[in-house]
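Before any comments, here is the structure.
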Amino acid sequence: IWPEEEPPGHDYLEPAYQKAFEQEIINVVDAIHGKADIPERKGRAYGVYETDVSSYVLGYLVGRELEPHEVEQTDINHSGYRFAGRYISTTEKATPTESWLAQSCDYLLSYEEATYGWQHPVSIVNWPTLDYLVHESERDENGEKIREYNDRTTVNINHLLVGKDNQAGLFGSYHIYPNYPDFMNNEPSFNDYEDEQGRLRYGGYLKAFMEGHQNYPAVVAEFGIATGMGNAHYSPDGYHHGGLTEEEQARAIIRMFEAMQREGYSGGIIFEWMDEWAKKTWTTEPYMVPYDRQILWHNAIDPEQNYGILAYEAVKPSRSGATSVGKALVRQMDVRSDASFLHIDITLDRPLDLGREQLLIGIDTLYRDRGEIRYTPELDHTAPSGMEYVVVLDSFEASRLLALKEANYTTYRFSTSPILKSNGLFEPMLKLINKERKLLDGTVIRPRYEDASILRFGNLEGNTNHWKMEGNTLSVRIPWTRINVSDVSSAQVLDDERTYYSDPLRDHIATTTTDGLVVSVVVVDTVGQTVIDAPKAATLVLPGWNQPVYQQRMKASYNLLKAYFAKERADD
Numbered sequence: 002i003w004p005e006e007e008p009p010g011h012d013y014l015e016p017a018y019q020k021a022f023e024q025e026i027i028n029v030v031d032a033i034h035g036k037a038d039i040p041e042r043k044g045r046a047y048g049v050y051e052t053d054v055s056s057y058v059l060g061y062l063v064g065r066e067l068e069p070h071e072v073e074q075t076d077i078n079h080s081g082y083r084f085a086g087r088y089i090s091t092t093e094k095a096t097p098t099e100s101w102l103a104q105s106c107d108y109l110l111s112y113e114e115a116t117y118g119w120q121h122p123v124s125i126v127n128w129p130t131l132d133y134l135v136h137e138s139e140r141d142e143n144g145e146k147i148r149e150y151n152d153r154t155t156v157n158i159n160h161l162l163v164g165k166d167n168q169a170g171l172f173g174s175y176h177i178y179p180n181y182p183d184f185m186n187n188e189p190s191f192n193d194y195e196d197e198q199g200r201l202r203y204g205g206y207l208k209a210f211m212e213g214h215q216n217y218p219a220v221v222a223e224f225g226i227a228t229g230m231g232n233a234h235y236s237p238d239g240y241h242h243g244g245l246t247e248e249e250q251a252r253a254i255i256r257m258f259e260a261m262q263r264e265g266y267s268g269g270i271i272f273e274w275m276d277e278w279a280k281k282t283w284t285t286e287p288y289m290v291p292y293d294r295q296i297l298w299h300n301a302i303d304p305e306q307n308y309g310i311l312a313y314e315a316v317k318p319s320r321s322g323a324t325s326v327g328k329a330l331v332r333q334m335d336v337r338s339d340a341s342f343l344h345i346d347i348t349l350d351r352p353l354d355l356g357r358e359q360l361l362i363g364i365d366t367l368y369r370d371r372g373e374i375r376y377t378p379e380l381d382h383t384a385p386s387g388m389e390y391v392v393v394l395d396s397f398e399a400s401r402l403l404a405l406k407e408a409n410y411t412t413y414r415f416s417t418s419p420i421l422k423s424n425g426l427f428e429p430m431l432k433l434i435n436k437e438r439k440l441l442d443g444t445v446i447r448p449r450y451e452d453a454s455i456l457r458f459g460n461l462e463g464n465t466n467h468w469k470m471e472g473n474t475l476s477v478r479i480p481w482t483r484i485n486v487s488d489v490s491s492a493q494v495l496d497d498e499r500t501y502y503s504d505p506l507r508d509h510i511a512t513t514t515t516d517g518l519v520v521s522v523v524v525v526d527t528v529g530q531t532v533i534d535a536p537k538a539a540t541l542v543l544p545g546w547n548q549p550v551y552q553q554r555m556k557a558s559y560n561l562l563k564a565y566f567a568k569e570r571a572d573d
């Protein structure tokens, strides 16, 4: 049961905020018992709920991943507040935020028993950011233990008490992922944890946390691994925040679940059943503009949109959006757009020889009279208009998407050059995803960057790989955020010449409506740097939509997880 984000004054106990949360508790309990009629509202569930599913409900999860500054402000505003309820109370050590959670759980139990004669177990929701452990690795790049975001304050279920009228019980539910916060992988003591596959820092955290969780059962209410093309946080154990294959997703989930079993947790809930296009993370949110339309397209590089076991995928159009026909090596180029990718399909007269040849694709996203007209400094050939990006296909391992300096979003540049340039200089895109830290013993943990330019070769089912080559046919797909398309559904492209030094706030970057994407292709002899073929460019006009076309697909992880849990059940 989710309390709204950003409470007034960062205060959970603000009267109007608490009243609204209590109404949400009523809505959920009524819906569970098939007695709810919730008016339409933006961003929340609504409708008529007539089916009683209360006998299938294991428990209620109350709360969300609370923000440290909100916890601190609530505790300051209501110093000394404790709660004594019929079902849930707090100890003298409880903070006002913990008392607010106890009060909310007590309200739920009171309402459900009075209205329906039922009690279900209740739980407060928490996450490692607010755990009761002290993480010595949470230090800045100078080794200072300043009030780091992930070790500032706590919410501790041990400060809650169960009343004598509470027959259903209380448990803790925790969102625990293997890649964030940094201390999950930087805390030296977690390095010692091993399972049959070797070191598992995630298991080290689970063990340390459970050692202090003695009063109530603990459930990992969220854990999972995101597939897709983007990585928002690096994990030294390989369980990054995004960018894993579907098979890797299943294997990681199984390994984490088995660690929970070993450490005495009461269970785990996989996040999540299906992909959610409405989600965002810090590496993508500033670049989805306008933000309120981000539900109309799929960001293939956003991990939060790709956690599902059931994929929700765009449907590549069968008809080409723009075509260029050639008579030499390149026979045809078809360009298409869907809710996830820019698709470029090239038919050749013969297979490309990557040992001696490279294929360059130029992409001009805005302003034909601005940008770069040379593909490389060495190549004496120019594009028909100013490019912002060049795709370089020259090997199966290291093909890449390069950006014009002025269009490289990973260095906070969101436009194009002010004039046409002719020097052929494009640069790689490297996104900072883990900042530098220094441990107490002086060990420096270096910053980590995502290689946002790399183009992975392989099968194009799912959204792991960027290109494939089969015989005379070559297919490339580019996720929209990589080329500064901020909303493909309304043809918006980032166009902001202001100076930025970090990721901007939501909806802060200016955009323009593009009149089309000019796509050109050149095949080059890499030995002599001569042009083998360069057919006419094609201009793709982005069609726009208010209802995306999509399809469902069970990821490869589904059958692997299905087989594992079927065996678990049989063994029990």
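Residue numbers (the numbering used here): 2 to 573. Note that beta-carbon positions come from the ideal geometry of N, C-alpha and C, so glycine has one too. Every value quoted in this text rests on a predicted model; they were computed, and no experiment measured them.
Suppose you measure from the CA of Q295 to the CA of E114; what does that come to, to the nearest Å?
When rounded, the distance between both Cα atoms is 41 Å.
Leaving out five residues on either side along the sequence, give the residues of the same chain with a beta carbon under 8 Å from the beta carbon of L440.
Taken in chain order, the residues that qualify are E137, S138, R140, G144, N187, P189 and I446.
Given a cut-off of 7 Å on the beta-carbon distance, is the pair D534 and V290 in contact?
Not in contact: D534 and V290 (Cβ atoms no closer than 7 Å).
The beta strand (DSSP E) spanning G204 covers which residue range?
Where G204 is concerned, there is no enclosing beta strand (DSSP E), although the alpha helix (DSSP H) it sits in stretches over R202 to M211.
What residue does the beta strand (DSSP E) around V29 start on, and which one ends it?
Element bounds for V29: not the beta strand (DSSP E) but the alpha helix (DSSP H), P16 to I33.
Pick from K422, S400, E389 and R438: whose alpha carbon is nearest that of R414?
Checking every option, the nearest Cα to that of R414 belongs to E389.
Tell me which residues share the same chain as A222 and place their Cβ nearer than 7 Å to its Cβ, disregarding the 5 neighbours each side in the sequence.
Only L62, V126, S174, Y175, H176 and I270 meet the Cβ criterion.
Are the stretch 493-505 and the stretch 396-416 in contact at 8 Å, needing three or more beta carbon pairs?
The answer is yes - the stretch 396-416 touches the stretch 493-505, with three or more Cβ pairs under 8 Å.
Beta-carbon within less than 8 Å of Y311's beta-carbon, same chain only, minus the 5 sequence neighbours each way: which residues are those?
Strictly speaking, residue 311 in this sequence is Leu, with Tyr absent from that position. Counting only Cβ-Cβ distances below 8 Å, and skipping sequence neighbours, we find W274, M275, D276, Q553, R554, M555, K556 and Y559.
Give the straight-line distance between the Cα atoms of E68 and W119, rounded to the nearest whole angstrom.
Approximately 32 Å between the Cα atoms of the pair.
Quick check on DSSP: helix, strand or coil for G372?
Of the three classes helix, strand and coil, the one that applies to G372 here is strand, per DSSP.
Taking C-alpha atoms, which residue in E195, H34 and E51 lies nearest to Y117?
Cα-wise, what sits closest to Y117 is H34.
Looking at G122: is its Cβ nearer than 7 Å to the Cβ of A169?
Note on identity: in this sequence residue 122 is Pro, with Gly being the wrong assignment. It is a contact, given that the beta carbons lie within the stated cut-off.
Confirm, please, whether the CB-CB distance from V331 to V522 is below 7 Å.
Result yes, Cβ atoms of V522 and V331 sit closer than 7 Å.
Helix, strand or coil for W481 per DSSP?
Three-state DSSP puts W481 in a helix.
How many Å lie between R153 and Y133 at the Cα?
Taking the straight line joining both Cα atoms gives about 10 Å.
Of the choices D183, R256, Y551 and N473, whose alpha-carbon is the least far from that of R438?
Closest option to R438, Cα to Cα, is D183.
Note the first and the last residue of the continuous beta strand (DSSP E) segment covering T377.
No beta strand (DSSP E) holds T377; DSSP gives it neither H nor E.
Looking at N300: is its Cβ nearer than 7 Å to the Cβ of T324?
Not closer than 7 Å, so no.
Enumerate, from N- to C-terminal direction, the unbroken beta strand (DSSP E) stretches of 3 or more residues contained entirely within the stretch 134-169.
Taking only runs of at least 3 residues, the beta strand (DSSP E) segments lying wholly in the stretch 134-169 are 161-163.
Output the distance between the C-alpha atoms of R478 and V29, rounded to the nearest integer angstrom.
Cα-Cα distance, rounded: 42 Å.
Considering only the alpha carbon of each residue, which of N192, P419 and M470 lies closest to S625?
No statement about residue 625 is possible, as the shown extent of the chain runs from 2 to 573 and does not include it.
Using 7 Å as the threshold, is the C-beta distance between T411 and K436 below it?
No. Outside cutoff.
Need the endpoints of the alpha helix (DSSP H) that D38 sits in, please.
Note, D38: premise wrong, no alpha helix (DSSP H); beta strand (DSSP E) at A37 to I39.
When DSSP builds the beta bridges, which residues end up paired with G199?
D196, per the DSSP bridge assignment.
Would DSSP call H344 helix, strand or coil?
Here H344 sits in strand by DSSP.
Evaluate I77 with the Cβ neighbour count: other Cβ atoms within 10 Å of its Cβ, from every protein chain shown; 16 or more gives buried, anything less gives exposed.
Classification of I77: exposed, given that the 10 Å Cβ count is below 16.
Measuring only the C-alpha atoms, how far is V494 from T130?
One C-alpha to the other measures close to 35 Å.
Thinking C-beta only, is L14 closer than 7 Å to A103?
Not a contact, by the Cβ cut-off of 7 Å.
Can you check which of these residues, A253, A511 and R351, is closest to Y292 by C-alpha distance?
Nearest of A253, A511 and R351 to Y292, Cα basis: A511.
Over what stretch of residues does the beta strand (DSSP E) that includes K469 continue unbroken?
Unbroken beta strand (DSSP E) run through K469: W468 to E471.
Using DSSP's beta-bridge definition, name the partner residues of Q493.
In the DSSP output, where bridge partners are listed per residue, Q493 has D488 and T514.
Within the continuous alpha helix (DSSP H) that includes A260, where are the two ends?
Where A260 is concerned, the enclosing alpha helix (DSSP H) stretches over E247 to R263.
Apart from the five residues on each side of it in sequence, which residues of its chain come closer than 6 Å, Cβ to Cβ, to A32?
Result list for A32: Y50, in chain order.
Look at D346 and V519 and say whether their C-beta atoms are less than 7 Å apart.
No. Outside cutoff.
Work out the CA separation of D193 and E73 for me, nearest whole Å.
Rounded to the nearest angstrom, the two C-alpha atoms are 33 Å apart.
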